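Residue numbers (this note's numbering): 4 to 196.
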């Protein structure tokens, strides 16, 4: 199968679904069988999955150590991973070395975790295709300006916490940004005589 054929078919492939498996560590995926759905998973000649979606929701993951290596073992084209569901785990941060290496990522579900610092969202700004993000159900949801901060930080998002981002949302986020985020001051070096 050519890469072009792969790109045309893999979007319609069912996800590699490891949800509700009580997985504690990413390395367990190698020995765990994915859930089966209505449509069977397709595999390459090397035995790797042809999907672009990985569901790890409703487990007990608290870090994503070795995520890239494990995903490379399971997917024929890990660089094309477009949807990752990590909702309802025990994650406390967004690991920039892991999630931000998947530049084709367009859907990321992180709701129902334990992310406490709103600044963690900044790490996702390097994902050029990210369009749908969920973070509700994390402690950061309680921070003042939560929605506005995320929309300012990730201006390409079209769906946030399962709600469409409207023009009014964008305007409100921009006003909030002007009132709450101080621009970085540029220091000018002065020559002393």
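Idealized CB from N, CA, C, for every residue including glycine. As the structure is a prediction and not an experimental result, all values here were calculated from the model.
Between which two residues does the beta strand (DSSP E) carrying residue i extend?
i: residue 87; result: 86-88
i: residue 137; result: 135-137
i: residue 110; result: 110-112
Which residue marks the beginning of the alpha helix (DSSP H) containing residue i, and which one marks its end?
i: residue 54; result: Unbroken run through residue 54: none, as it is neither H nor E.
i: residue 149; result: 149-156
i: residue 182; result: 170-183
i: residue 119; result: Counting along the chain, residue 119 falls outside any alpha helix (DSSP H), and DSSP gives it neither H nor E.
i: residue 100; result: Run containing residue 100: none; DSSP gives neither H nor E here.
i: residue 75; result: 70-77
Of the residues the options, which one's Cα is nearest the Cα of residue i?
i: residue 48; options: 88, 98, 117 and 78; result: 78
i: residue 16; options: 64, 54, 107 and 173; result: 54
i: residue 165; options: 125, 148 and 111; result: 111
i: residue 135; options: 116, 35, 162 and 118; result: 162
i: residue 80; options: 108, 100, 97 and 150; result: 108
i: residue 144; options: 28, 41, 181 and 117; result: 117
i: residue 31; options: 169, 39, 73 and 182; result: 73
i: residue 147; options: 50, 180 and 25; result: 180
i: residue 138; options: 20, 88 and 183; result: 88
i: residue 101; options: 93, 119 and 75; result: 75
i: residue 199; options: 183, 153 and 184; result: Because residue 199 is not part of the residues shown, which for the chain are 4 to 196, the question remains open.
i: residue 99; options: 29, 70, 142 and 168; result: 70
i: residue 149; options: 167, 176, 170 and 169; result: 176
i: residue 182; options: 86, 169 and 151; result: 151
i: residue 94; options: 28, 174, 170 and 167; result: 28
i: residue 142; options: 22, 33 and 96; result: 96
Taking Cβ positions, are residue i and residue j nearer each other than 8 Å?
i: residue 91; j: residue 60; result: yes
i: residue 57; j: residue 18; result: yes
i: residue 103; j: residue 130; result: yes
i: residue 156; j: residue 124; result: yes
i: residue 26; j: residue 36; result: no
Using 8 Å for Cβ pairs, my map puts residue i next to residue j. What's the rounded Cβ distance?
i: residue 140; j: residue 114; result: 5 Å
i: residue 38; j: residue 20; result: 4 Å
i: residue 24; j: residue 62; result: 6 Å
i: residue 133; j: residue 127; result: 6 Å
State yes or no: is the beta carbon of residue i nearer than 8 Å to at least one beta carbon in chain B?
i: residue 128; result: Annotation note: the requested chain B is absent from the structure, which comprises a single protein chain.
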